[in-house]
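Asker: Take this structure, written in C-alpha cells, and hold onto it; I'll ask about it next.
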Amino acid sequence: MLKARQIVRKYGDLSVLKNIDLDVQRGEIVTIVGASGAGKSTLLQILGTLDRPDAGQVWLADTDVFALKDKALAAFRNEKIGFVFQFHNLLPEFTALENVCMPAWIGGKNSQVEARATELLAKLGLQDRGHHLPSQLSGGEQQRVAVARSLINKPAIIFADEPSGNLDSKNAEELHQLFFRLRDEFGQTFVIVTHNEHLAALADRRLEIRDGKTL
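Quick note: the sequence shown uses the working numbering, first residue -14, plus one each step.
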C-alpha cells in the first residue's frame, strides 16, 4: 500500500530524517512514536504528501507521488488519502454532515455524497448529530466527525497525527477502538503518530524514530 525509500528531510544544517525506509501493507495499523522533535510529524507530512522530502521517494497505491505535478498531486491526495489531526479542524460555520461531505464536494463529487456521509456518521455513533455545528458537539464527537470526513472519499490510507492528544482518556480509548473497528470493517489502512503508548502497543507494528532513523 505504502512504500517510502531513503527519505531525507533537513532544516538548515539539522538533519531531521536520515534515509528512512518504510513499508505499510493494506489493512495494517502502524504507529510511529518517538521523543518530541524526533521528526514523527515531519515524516507523516511527507508520507501524506503535505510536504516534500529533500531526497527519497514515496509510492502510494503504486503511484510515485512526488513525480506528480502540484495540481495532480492535490487531486491524488484528496482522493486517496485521509487525514485526522490532533485538532479536528472542522469548519465552524458548517454542520457536521457538511464537514464530512466537504472533501468529496471539493473533489467534484455530488452523487450520493450526503448519503455516504450520513452512513458514516451513523457508523460512528453520530446519527443524531449531523445537523449540529461543531460548537454544539463534544470534543470526542468533533474528532469522530473528523474521522468520518477522512473516510468520505474511501481513501487508500489514513494518516493520523496525535489524533487523541486533545481528548480525555475515555474519549481517547473510544477513538483508538474506532480505528481498529474501521480496519476490521473496511480494511482501512492507518499510519498514526502518537505519544499514547497504549495505542502504540495495540497497533500491528510500532515504529520508533530516534536520531532521524526508524527502529
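Cβ coordinates follow ideal geometry from the N, Cα and C atoms, glycine included.
Flag this pair as yes or no: are the beta carbons of residue 15 and residue 143 separated by less than 9 Å?
Answerer: Not closer than 9 Å, so no.
Asker: Is the beta carbon of residue 23 closer than 9 Å to that of residue 6?
Answerer: No. Outside cutoff.
Asker: Along the chain, where does the beta strand (DSSP E) containing residue 0 start, and where does it finish?
Answerer: That run of the beta strand (DSSP E) goes -1 to 9.
Asker: Within 10 Å of its beta-carbon, does residue 232 have 16 or more other beta-carbons around it, so buried, or fewer, so exposed?
Answerer: The structure shown has nothing for residue 232, since the chain only spans -14 to 200.
Asker: Under 8 Å: do the stretch -2 to 5 and the stretch 46 to 54 share three or more Cβ pairs, one atom per stretch?
Answerer: Touching, no, given that fewer than three Cβ pairs across the two stretches are closer than 8 Å.
Asker: Any idea if residue 129 is buried or exposed, counting beta-carbon neighbours within 10 angstroms, 16 or more meaning buried?
Answerer: The residue is buried, with at least 16 neighbouring Cβ atoms inside 10 Å.
Asker: May I have the straight-line CA-CA distance separating residue 39 from residue -6, to the nearest angstrom?
Answerer: So the two alpha carbons sit approximately 5 Å from each other.
Asker: Within 10 angstroms of its Cβ, does residue 11 collect 16 or more other Cβ (buried), or is it exposed?
Answerer: It counts as exposed.
Asker: Locate the beta strand (DSSP E) running through residue 29, then write down its first and last residues.
Answerer: Run containing residue 29: none in the beta strand (DSSP E); it sits in the alpha helix (DSSP H), 25 to 32.
Asker: Any idea if residue 154 is buried or exposed, counting beta-carbon neighbours within 10 angstroms, 16 or more meaning buried?
Answerer: Residue 154 comes out exposed.
Asker: Hey, which unbroken runs of the beta strand (DSSP E) at 3 residues or more fall wholly within the stretch 118 to 185?
Answerer: Taking only runs of at least 3 residues, the beta strand (DSSP E) segments lying wholly in the stretch 118 to 185 are 142 to 146, 175 to 178.
Asker: Counting Cβ pairs, one atom from each stretch, are 3 or more of them under 8 Å apart for the stretch 59 to 70 and the stretch 137 to 151?
Answerer: Output reads yes: the stretch 137 to 151 touches the stretch 59 to 70.
Asker: Give the C-beta separation of residue 105 and residue 149 to the nearest angstrom, bearing in mind that I take them to be a contact with Cβ-Cβ under 8 Å.
Answerer: The Cβ separation is near 19 Å, so there is no contact.
Asker: Verify whether the separation of the beta carbon atoms of residue -14 and residue 18 is less than 9 Å.
Answerer: No. Outside cutoff.
Asker: In its own chain, which residues sit with a C-beta less than 7 Å from the C-beta of residue 220, not counting the 5 before and 5 after it?
Answerer: Past the edges of the chain, shown from -14 to 200, lies residue 220, and the structure says nothing about it.
Asker: My parser needs the beta strand (DSSP E) runs of 3 or more residues fully inside the stretch 53 to 106; what are they?
Answerer: List check, beta strand (DSSP E) in window: 66 to 70.
Asker: Quick one: measure Cβ to Cβ for residue 156 and residue 124, integer angstroms, because I've assumed they're closer than 8 Å.
Answerer: Going by Cβ atoms, the distance from residue 156 to residue 124 rounds to 6 Å, so yes, they are a contact pair.
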